[in-house]
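Visitor: Same order as they appear, the protein sequences are chains A and B.
Each residue of the first sequence is one higher than the last, beginning at 1 in the numbering used here.
Each residue of the second sequence is one higher than the last, beginning at 282 in the numbering used here.
Even for Gly, the Cβ is constructed at its ideal location relative to N, Cα and C.
Here the structure is a predicted model, which means the values were calculated and not measured.
I'd like to ask you about the structure that follows.
2 protein chains.
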Amino acid sequence: MRIIKSVPQLRKALAAFRRQGRRIGFVPTMGYFHAGHLQLMRQAKKAHEVCVVSLYVNPTQFAPTEDLAKYPRDFKRDSSMARKENVDILFMPTDNDIYPKGYLTYVDVKSITEGLCGHFRPRHFRGVATVVAKLLNMVSPDVMYLGQKDAQQVAVLKAMVRDLNFATTIKVVATVREPDGLAMSSRNSYLSPQERHEAVVVYKALIMAKQGIKQGERSAKRLIALMEKMITQQSSGKVQYIACVNANTLEPVTKLSGEVLLALAVYMGKTRLIDNLTVRV
Amino acid sequence: MRIIKSVPQLRKALAAFRRQGRRIGFVPTMGYFHAGHLQLMRQAKKAHEVCVVSLYVNPTQFAPTEDLAKYPRDFKRDSSMARKENVDILFMPTDNDIYPKGYLTYVDVKSITEGLCGHFRPRHFRGVATVVAKLLNMVSPDVMYLGQKDAQQVAVLKAMVRDLNFATTIKVVATVREPDGLAMSSRNSYLSPQERHEAVVVYKALIMAKQGIKQGERSAKRLIALMEKMITQQSSGKVQYIACVNANTLEPVTKLSGEVLLALAVYMGKTRLIDNLTVRV
């Protein structure tokens, strides 16, 4: 595995792989790897692609009030984990490479960035879209692998890749979960043992809602109320939002039909957890 | 010359050229070709590049009050002119290819889009940056050719290409002028004979300012006043703006030094003309 820190070096290494006719699989990350990240890397290797992983904690997707400074970082552990997955290139640019002095350009995806997490993190998806547009232009991958845990991020990046005509296919990989169901997240490391214990309720609420739908419930309002009640009764978690939306447009639905995304964000103490399930009604 | 209308066909044709190891030169246009456009095409051919010309009247760079509907179009004449320049591919996408139903993504370049033309055409450069980002992802050119006549457009696209890490070099080609000095523009076709006759004052004012600078004038305010006076006295033109700005940041200067861009927009009747000169002080 090569650890590459500069864009010209990256382009050179990739050009060599391309001359061999090899396809490039790309996994953009903010590091502090967990089983979810490793699953994305394995998908690229399974497809016999050159696996390029970027590790960059992107400041433009954090609000000033958010956890940029304390976001967990452990480059030594990350590079060791990536090496074990036979990653070909671990790309670790600096802030100065990504946002040099005089930086001016941002990519905005409208409409689907306004609800769900975007409502509470107004500049977040602009930062995500911008950094991923840059990384796509640096790596020019054939395939980009994204985790379903960040469902709105997936929708935003799918729209951006489609709208700006990037020659990259997006593959979405199912959320990897802890044995009790909690979605893998770098932010789980913030949880106290008690919070970690209670955090399973986030997934349990989704599963309960899915069962409710199977049993015929079609009212988004009632499902959301049930999920909220479960979370409030079974944990100290504070719900930021619970939503039933059209899985493609991310627009709220009142009566469930078609592909529906159940998504929520819950604060366990100071830690914000998100999770989601897609249900075909 | 191949006339190509679909993105997959374009990608296929370009892949074939790339397999031959040929470099791609790209000229984005809105058609209604004049000698300025032809000069851009010739630069690509001179560099032995595959010359790809896009012809697309981009609706997102026109305000609702502007001249989108009546923008001059003559595809037959354009394709004949491009053929004579040995253009390899003339790419003519439809609105539905570029902005299909559900389109959501825009590229915004901050700061340098706010002054000059951007002040009077608030969404214009967002439209330009967006469509050129799309075209760059479709064509992946080695070099993109732009005319100096649209100086702010050049600055915006240079910033976008740098910031979003497009693997494309921008070459800027000097403004081509009519024998009397009027900058070539598709919009010159709007001018009445009398307006056309008077329009030369736009360039004359720039030349006078340049001579003033040569003779030691360093006050932007005085230069702008002189230019405005000349235009008002020698024509029926209405000045929209006259500016002296730093040629790189496009920020207004009061005392001229370094590379200075003199830029202006003047209405001759209903036709808006722009022109500029760069002066090293």
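What would DSSP say about B:A414, mapped onto helix, strand or coil?
Guide: Here residue 414 of chain B refers to the residue found at position 133 of the second sequence. DSSP places B:A414 in helix when its eight states are reduced to three.
Visitor: Of the choices B:A501, B:L295 and B:A524, whose alpha-carbon is the least far from that of B:V483?
Guide: Within the second sequence, the letter at position 202 stands for residue 483 of chain B. When only C-alpha atoms are compared, the closest one is B:A524.
Visitor: When you compare the CB of B:L385 with every CB in chain A, is at least one pair closer than 8 Å?
Guide: What you label residue 385 of chain B is simply residue 104 of the second sequence in a count that begins at 1. So yes, B:L385 belongs to the interface.
Visitor: Determine the contact status of A:A220 and A:V253, defining contact as a CB-CB distance below 8 Å.
Guide: For the purposes of this step, residue 220 of chain A is identified with residue 220 of the first sequence, where counting begins at 1. For the purposes of this step, residue 253 of chain A is identified with residue 253 of the first sequence, where counting begins at 1. Going by C-beta atoms, A:A220 is nearer than 8 Å to A:V253.
Visitor: Name the chain A residues that come within less than 8 Å of B:K391, Cβ to Cβ?
Guide: Here residue 391 of chain B refers to the residue found at position 110 of the second sequence. The contacting residues are L104, T105 and Y106.
Visitor: Rounded C-beta distance between B:M419 and A:N165? I'm assuming under 8 Å.
Guide: Taking the first residue of the second sequence as 1, we reach residue 419 of chain B at position 138. Taking the first residue of the first sequence as 1, we reach residue 165 of chain A at position 165. Yes, B:M419 and A:N165 are in contact; Cβ-Cβ is about 5 Å, under 8 Å.
Visitor: Mind checking the region 436-447 of chain B against chain A and listing, in chain order, the residues whose C-beta falls within less than 7 Å of any C-beta there?
Guide: Cβ contacts with chain A: A440, M441, D444, L445, N446 and F447.
Visitor: So which residues on chain A does B:N418 lean against when the C-beta distance must stay under 8 Å?
Guide: For the purposes of this step, residue 418 of chain B is identified with residue 137 of the second sequence, where counting begins at 1. Result: L164, N165, F166 and A167.
Visitor: Could you tell me which of A:M1, A:K45 and A:M30 sits nearest to A:A22, measuring between CA atoms?
Guide: Taking the first sequence and counting its residues from 1, the one referred to as residue 22 of chain A is at position 22. In the sequence as presented, Ala is not what sits at residue 22 of chain A; that position holds Arg. Checked all of A:M1, A:K45 and A:M30; the closest Cα to A:R22 is A:K45.
Visitor: Rounded to a whole number of angstroms, what is the C-alpha to C-alpha distance between A:A263 and A:A13?
Guide: Working through the first sequence from its first residue, we reach residue 263 of chain A at position 263. Working through the first sequence from its first residue, we reach residue 13 of chain A at position 13. Approximately 39 Å between the Cα atoms of the pair.
Visitor: Is B:E330 helix, strand or coil when you go by DSSP?
Guide: Looking up residue 330 of chain B in the second sequence gives position 49. Looking at B:E330 - three-state DSSP - the assignment turns out to be coil, as it is neither helix nor strand.
Visitor: Name the chain B residues whose beta carbon is nearer than 7 Å to that of A:K134?
Guide: Position 134 of the first sequence holds residue 134 of chain A. Within chain B, the residues near A:K134 are L445 and N446.
Visitor: Which class does B:L244 belong to by DSSP, given the choice of helix, strand or coil?
Guide: The structure shown does not extend to residue 244 of chain B, since chain B spans only 282 to 562, so no value can be given for it.
Visitor: Please name the residue or residues paired with A:T168 in a DSSP beta bridge.
Guide: Residue mapping note: residue 168 of chain A aligns to position 168 of the first sequence, counting from 1. Partner(s): none; A:T168 has no beta bridge.
Visitor: What number of angstroms, rounded off, separates the C-alpha of B:K415 from the C-alpha of A:D163?
Guide: The residue given as residue 415 of chain B occupies position 134 in the second sequence. The residue given as residue 163 of chain A occupies position 163 in the first sequence. Near 8 Å, if we compare the C-alpha coordinates of A:D163 and B:K415.
Visitor: In angstroms with no decimal places, state the Cα-to-Cα distance between B:K563 and B:M489.
Guide: Absent from the structure is residue 563 of chain B, since the part of chain B shown begins at 282 and ends at 562.
Visitor: Would the region 354-374 of chain B and the region 312-320 of chain B be scored as touching if the rule is three or more Cβ pairs under 8 Å?
Guide: Result yes; three or more Cβ-Cβ pairs closer than 8 Å.
Visitor: With a threshold of 8 Å between beta carbons, is A:V128 in contact with chain B?
Guide: Here the question's residue 128 of chain A lines up with position 128 in the first sequence. No - not a single Cβ of chain B is within 8 Å of the one on A:V128.
Visitor: In chain order, what residues of the same chain lie with their CB nearer than 6 Å to the CB of B:R407, ignoring the 5 residues before and after it?
Guide: Translated into the one-based positions of the second sequence, residue 407 of chain B becomes position 126. Excluding positions up to five away in sequence, the list reads Y387 and D389.
Visitor: Compare the C-beta of B:V308 with all C-beta atoms of chain A and state if any pair is closer than 8 Å.
Guide: Indexing the second sequence from 1 puts residue 308 of chain B at position 27. It does not: the Cβ of B:V308 has no partner Cβ on chain A nearer than 8 Å.
Visitor: Would you say B:V288 lies against chain A (beta-carbon separation less than 8 Å)?
Guide: For the purposes of this step, residue 288 of chain B is taken as residue 7 along the second sequence, with counting starting at 1. So yes, B:V288 belongs to the interface.
Visitor: Counting C-beta neighbours from all protein chains within 10 Å, is the total for A:F120 16 or more, i.e. buried, or is it exposed?
Guide: Along the first sequence, read from residue 1 onward, the residue named residue 120 of chain A stands at position 120. By the 10 Å Cβ count, A:F120 comes out exposed.
Visitor: Hey, quick one: how far does the beta strand (DSSP E) through A:E198 stretch, first residue to last?
Guide: One-based indexing of the first sequence puts residue 198 of chain A at position 198. Looking at the DSSP string, A:E198 is not in any beta strand (DSSP E); the run it does join, the alpha helix (DSSP H), is P193 to E198.
Visitor: Considering only the beta carbon of each residue, do A:P193 and A:T168 sit closer than 8 Å?
Guide: Stepping through the first sequence from its first residue, residue 193 of chain A is reached at position 193. Stepping through the first sequence from its first residue, residue 168 of chain A is reached at position 168. In this structure, A:T168 does not lie closer than 8 Å to A:P193 by Cβ.
Visitor: Just to confirm, does B:A524 get its C-beta within under 7 Å of one of the non-hydrogen atoms of the ligand MN?
Guide: No copy of the ligand MN appears in this structure; indeed no ligand is present at all.
Visitor: Considering B:L557, what are the terminal residues of the beta strand (DSSP E) in which it resides?
Guide: One-based indexing of the second sequence puts residue 557 of chain B at position 276. Here residue 557 of chain B is Asn; the residue named in the question, Leu, does not match the sequence. That run of the beta strand (DSSP E) goes T552 to R561.
Visitor: Quick one: which unbroken beta strand (DSSP E) runs of 3-plus residues sit fully inside the region 289-364 of chain B? Chain order, please.
Guide: Counting only runs of 3 or more, we get 305-310 and 331-336.
Visitor: Nearest-angstrom Cα distance between A:G25 and A:M144?
Guide: Within the first sequence, residue 25 of chain A is the residue found at index 25, counting from 1. Within the first sequence, residue 144 of chain A is the residue found at index 144, counting from 1. Straight-line Cα distance between these residues: approximately 6 Å.
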